[in-house]
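Residue numbers (our numbering): -9 to 98.
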């Protein structure tokens, strides 16, 4: 894990406790139709165009996820470059969520 990463277990615990978490799914719409853990859908390739929409979250903790953690890691790096103070990558993405939290979630 790298600095700024978050595990699925930590995210689940924080969601269960009712924390107001900003969650961004950077997968494609067809992937979200298969499964998701919530949040705003902003496909990775559209983030530069949507940065002004996302700017309202600049000073908040933002947790980014994808299928396995690669795209979300790239998104976190980009958000940091744009001045976001606390973007975090969900390690392992929805695959880790399926493996460790909800094994009824389909993997693809």
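Every residue, glycine too, gets a C-beta built ideally from N, C-alpha and C. Keep in mind that this is a model prediction, so the values were computed, not measured.
Figure out for me which residue from 18, 76, 19 has the closest Cα to the Cα of residue 50.
The residue labelled residue 50 in the question sits at position 60 within the chain shown. The candidate whose alpha carbon is nearest that of residue 50 is 76.
Three-state secondary structure assigned by DSSP to residue 79:
As a working mapping, residue 79 is identified with position 89 in the chain shown. Strand.
Can you tell me the Cα-Cα spacing of residue 24 and residue 15, whole angstroms?
As a position in the chain shown, residue 24 is number 34, starting the count at 1. As a position in the chain shown, residue 15 is number 25, starting the count at 1. In this structure, the alpha-carbon of residue 24 lies about 13 Å from that of residue 15.
Taking residue 66 and residue 54 to be in contact with their CB atoms under 8 Å, please state how far apart those CB atoms are, rounded to whole angstroms.
Residue mapping note: residue 66 aligns to position 76 of the chain shown, counting from 1. Residue mapping note: residue 54 aligns to position 64 of the chain shown, counting from 1. That pair is a contact at about 5 Å.
Would the region -5 to 15 and the region 35 to 52 be scored as touching if the rule is three or more Cβ pairs under 8 Å?
yes
The beta strand (DSSP E) spanning residue 51 covers which residue range?
Taking the first residue of the chain shown as position 1, residue 51 is located at position 61. Counting along the chain, the beta strand (DSSP E) containing residue 51 begins and ends at 51 to 55.
In whole angstroms, what separates the C-alpha of residue 79 from that of residue -6?
Taking the chain shown and counting its residues from 1, one reaches residue 79 at position 89. Taking the chain shown and counting its residues from 1, one reaches residue -6 at position 4. Near 7 Å, if we compare the C-alpha coordinates of residue -6 and residue 79.
According to the Cβ coordinates, are residue 22 and residue 57 closer than 8 Å?
Reading the chain shown from its first residue, position 32 is the one you call residue 22. Reading the chain shown from its first residue, position 67 is the one you call residue 57. No, the Cβ-Cβ distance between residue 22 and residue 57 is not below 8 Å.
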